[in-house]
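In this note's numbering, the protein residues as written are 1351 to 1457.
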């Protein structure tokens, strides 16, 4: 998943691992990695790199998700919480998807 201020390594690291698993198993691993955000517009990471989501949160709401990876961020609010994880839209989407996802993890 993507949100403004997300940590770039948290976004790119897991797809690299899953991509390698697909290549090494000649696609037997069967991983499909999609990056989702509130909209399909560019999302700017904490490093200033812009990333385009593959889908919106709503697009994935009806799909079967095996593993949801929630990335971190370096921006925190005045209560020392990761800013995007206090965004009601992001929190509600994670809550709804987590209820029917086999694995939920964070980087």
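A virtual CB, placed ideally from N, CA and C, is assigned to each residue, including glycine.
These figures come from a predicted structure and were not determined experimentally.
Neighbourhood of residue 1403 by C-beta, 6 Å cutoff - its chain only, sequence neighbours within 5 removed:
1352, 1385, 1386, 1387 and 1390
Taking the alpha helix (DSSP H) that residue 1439 falls in, what are its first and last residues?
1438-1448
Report the three-state DSSP secondary structure of residue 1418 (helix, strand or coil).
strand
If we ignore side chains and look at the alpha-carbon of each, how far apart do residue 1442 and residue 1382 end up?
23 Å
Could you please give me the residues that DSSP links to residue 1454 through a beta bridge?
1418
Using alpha carbons as the reference points, say which of 1418, 1397 and 1400 lies closest to residue 1407.
1418
Is the beta carbon of residue 1356 closer than 8 Å to that of residue 1449?
no
Whole-number beta carbon distance between residue 1395 and residue 1420, since they are thought to touch under 8 Å
So it is not a contact: roughly 15 Å between Cβ atoms.
Tell me where the alpha helix (DSSP H) around residue 1371 begins and ends.
1358-1374
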